[in-house]
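In this note's numbering, the protein residues as written are 54 to 311. All residues carry an ideal CB built from backbone N, CA and C; glycine is no exception.
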């Protein structure tokens, strides 16, 4: 009888411990993230990004997707530590595989696969992640995805799709995309030749410091009539006004709470 009672105690103890181990991590993760959030935004104490980073790391290592997302972003961007692209990619990918993403994190993952940076180069993987990010308006992803289509990497070459994506990125202020749009209009690649529009995009990119675009604009100008040049310069100002209204890119950070 005593032996049976002891066995019941052992079973009860194991069940209780099992329940505690199952329930405890979720509460611990919530507490870690709450403390990390307060440290990140300086709620109740000064902003302490290093402390926030350490707390998010603890929650990330326990498998929480939101913590993995924020921790990866902080590593990648160098918040609370020196920038760590390799570590940032690892945690952003882990979060993405659990469904926690943003246009910025998708663009980072796609760019890493495209360039073979910290992960083996894979154009199909790059296209998968970049397509999702580009569809959500991320200009870096639009630019990178356009490069894939322009060069036929990870699928068929598609100049029209490349131009469409380059224009989306160019409208958001990407000077490389602006120069590429200028080239495609000037040479009639993926569209009808339009030297005035090509000049306008070259000129906009040149005004933002793109020296290749400036050279191409000056060379193109030698082939243009005065009528074309006047139209091109008027179009340049129109594009400038459109682009200057675009907002700055977002950081990867914990989302503000009500």
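Original post:
Among the residues of its own chain, which have a CB less than 8 Å from the CB of residue 293, if the five just before and after it don't count?
Top reply: 257 and 260
**OP:** Give the range of the alpha helix (DSSP H) segment to which residue 263 is assigned.
**Re:** Residue 263 -> no alpha helix (DSSP H), and no H or E assigned at all.
Original post:
Is DSSP giving residue 172 helix, strand or coil here?
Top reply: coil
Original post:
Does the separation of the CB atoms of residue 120 and residue 112 fall below 9 Å?
Top reply: yes
Original post:
Excluding five sequence neighbours on each side, which residues of the same chain lie with their C-beta closer than 7 Å to the C-beta of residue 303?
Top reply: 157
**OP:** Measure the Cβ-Cβ separation of residue 307 and residue 123 and say whether it is below 9 Å.
**Re:** yes
**OP:** Determine the closest residue to residue 311 out of 96, 85 and 84, with distance taken between C-alpha atoms.
**Re:** 96
Original post:
Is it true that the CB of residue 129 sits closer than 9 Å to the CB of residue 161?
Top reply: yes
**OP:** Let me know if residue 235 comes out buried or exposed under the rule of 16 or more other beta-carbons within 10 Å of its beta-carbon.
**Re:** buried
Original post:
Beta carbon of residue 110, beta carbon of residue 81: below 9 Å?
Top reply: no
Original post:
Are residue 190 and residue 231 touching if we call contact CB-CB under 9 Å?
Top reply: no
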